[in-house]
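Let me begin by presenting the structure, written as structure tokens, before commenting on it.
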Amino acid sequence: MITGGFINRGGDDLMIKKFFIFLLFVFLGCEEETLKENIEKHLPRITLENFTLIETSEGKKKWNLAAVSAYVYEEVINVESVKIKFYNEKENEYAWLKGNEGQLNIKNHNIIVRDSVVLITEDSTELYTDSLFWQNDLQIIITDARVKIIKKDSTVIEGNGLKTTPDLQKIEIIGDIKGISPIQFPKIK
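With my numbering, letter number 125 in the sequence shown gets 572, and the count goes up by one each step, no holes.
In structure tokens form, the structure reads like this:
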């Protein structure tokens, strides 16, 4: 006869050990799955060399993005050594943008170009900055970085932040602007 307490049958310790081993595998399996998902999220789905993407509207070229390398993820394409050509209504090139790296949003085709960014227009106006954002639906370029614009007539404009068209015909410097111009004003008497 047994009164109160537990009966140790010898096998209970083995069952407890098996249970803890089972829990250990379950937790390790979950951690492994999370690790796998995390790795997959950071690895590109496709890697491409000499990548080109052409944006069109009503059958006409708007811009052409070319890159030495492209890494396609679920929502973005990261590119290296990127060059973008912009086209007018007659499909003639009117501006060229280049940078060391960039990122294209797959859904809306907005583009960020970073690191040694240069934009040159057909009238030889040059824009230098560290990063630019191309807002595709509005067809404008925006940055909050330091910018320097050099025109063919030696006009130099510098400032922080910018909103412009790719042809640099409509430029809005956002802050801290300074410039030099070769224009000589008549003397006022």
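Just so it is clear, CB atoms sit at the ideal spot from N, CA and C, and this is done for glycine as well.
All values reported here derive from a predicted model rather than from experimental measurement.
How would you call Ile-630, buried or exposed, if buried means at least 16 neighbouring beta carbons within 10 angstroms?
Burial call: exposed.
Taking the alpha-carbon of Thr-602 as reference, which of Ser-563, Ile-627, Phe-498 and Phe-533 has the nearest alpha-carbon?
Here the closest residue by C-alpha is Ile-627.
Within 10 Å of its beta-carbon, does Leu-585 have 16 or more other beta-carbons around it, so buried, or fewer, so exposed?
So Leu-585 ends up on the exposed side.
Mind reading off the beta-carbon distance from Glu-527 to Ala-514? Whole number of angstroms is fine, and I expect it under 8 Å.
That belief holds up - the Cβ atoms of Glu-527 and Ala-514 are roughly 6 Å apart, short of 8 Å.
I'd like to know whether the C-beta atoms of Asp-577 and Asp-562 end up nearer to each other than 8 Å.
Result yes, Cβ atoms of Asp-577 and Asp-562 sit closer than 8 Å.
In angstroms with no decimal places, state the Cα-to-Cα distance between Val-519 and His-489.
Answer to the nearest angstrom: the Cα atoms are 11 Å apart.
Could you tell me which residues DSSP puts in a beta bridge with Lys-532?
The partner list for Lys-532 (beta bridge, DSSP) reads Asn-511 and Trp-543.
Give the straight-line distance between the Cα atoms of Phe-498 and Leu-551, rounded to the nearest whole angstrom.
Spanning the two alpha carbons is a distance of roughly 12 Å.
Please list the terminal residues of the continuous beta strand (DSSP E) segment that includes Ser-578.
Run containing Ser-578: 573-582, per the beta strand (DSSP E) assignment.
Counting only the same chain and skipping the five closest in sequence on each side, list residues whose C-beta sits under 6 Å from that of Lys-545.
So the qualifying residues of the chain are Lys-530 and Val-565.
Using CA coordinates, which residue listed in His-556, Pro-613 and Leu-615 is at the minimum distance from Glu-522?
Among His-556, Pro-613 and Leu-615, the Cα nearest to that of Glu-522 belongs to His-556.
In terms of alpha-carbon separation, which member of Trp-543, Asp-623 and Pro-633 lies closest to Leu-574?
Cα-wise, what sits closest to Leu-574 is Trp-543.
Along the beta strand (DSSP E) that carries Gly-558, what are the first and last residues, could you check?
Before going further, note that residue 558 is Ile rather than Gly in the sequence given. Start and end: 558-568.
With hydrogens ignored, establish whether the beta-carbon of Leu-615 is closer than 7 Å to any heavy atom of the ligand GDP.
Among the ligands in the structure shown, none appear at all, so the ligand GDP cannot be discussed.
For Asn-511 versus Lys-532, is the C-beta distance shorter than 8 Å?
Cβ distance < 8 Å, so Asn-511 and Lys-532 count as in contact.
Buried or exposed, going by whether 16 or more other CB atoms sit within 10 Å of the CB of Pro-613?
Its Cβ being crowded by 16 or more others within 10 Å, Pro-613 is buried.
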